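In the numbering used here, each residue carries its 1-based index in the sequence shown increased by 7. C-beta atoms are modelled at their ideal positions from N, C-alpha and C, and glycine is treated no differently. All values derive from a computational prediction rather than experimental measurement. Structure first, commentary second.
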Amino acid sequence: SARLAVRQHGEWMRWKYRRHAERRPPLVLLLDISGSMSQYSRAVLYFCHALMQSRERLSVFLFGTRLTNVSRALRERDPDDAVETIAQQVRDWAGGTRIGAALSTFNRQWARRTLGGRATVLLVTDGLDHQRIDLLGDEMARLRRFAHRIVWLNPLLRYAGFTPQARGVQAILPHVDALRPAHNLASLFALESLLAAPSARRSANNDKENPAPWK
């Protein structure tokens, strides 16, 4: 599982990212911790902890039915301690999903504080939300106005037969600049090249050069 892989490679992850933090554009990670994401969310948290070692401006928020800022907890030196602190801090781990409501809270309380200076948003979710789809679409549009770039990391892309049929997926998709899998360590560390590349917004030409995985 992804959790076991993180445990096995924990020392390698710490070594890989043990360097002085570089001044890069802000990065904000919004991680879905609802029940359908439970087998992936803890592994992504370990990845975030490793990423903190090389990013000066990284903010991490968790959401299920509410939004929680866990950036400070991830600054703890030991990754196991950091993740345990977070597990005790959040109240909606492996519960329901209200993506639209969580994005609404972020857009109103945190977006202006965290999304300046060509910031990239990493949205980690399977998009399986069936409540207030209209709100989800509206808040994704609002988030796009704040962020320079939105990258959607969807674990369901691991499946060859995945198609964007869920209403939540359809509401999110028009507002993202890139779509990538996020189901194991390899897919997470593949983000390095994406984050290092010039952060251009999606255009019609980009869509032709980088077709959706299900096409």
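A118 sits away from L142, with the two beta carbons spaced by 8 Å or more. The bridge partners DSSP lists for R187 are L160.
Across the structure, L163 and T170 are spaced so that their CA atoms are roughly 9 Å apart. By the neighbour-count criterion, in which 16 or more other beta carbons inside 10 Å mark a residue as buried, P181 falls on the exposed side. When only Cα atoms are considered, A101 and E83 end up about 23 Å apart. Within its own chain, the residues whose Cβ lies closer than 6 Å to the Cβ of R174, once the five positions on either side in sequence are excluded, are I140, listed in chain order. When the five nearest sequence neighbours on each side are left out, the beta carbons in the same chain lying within less than 6 Å of the beta carbon of L69 are those of L38, I40, T75, V77 and V97, in order along the chain. Distance from the CA of R120 to the CA of R187, rounded to the nearest whole angstrom, comes to 26 Å. Secondary structure of T121 (DSSP, three-state): helix. For F70, the enclosing beta strand (DSSP E) starts and ends at L65 to F70. Residue pairing for R115: DSSP places it in no beta bridge.
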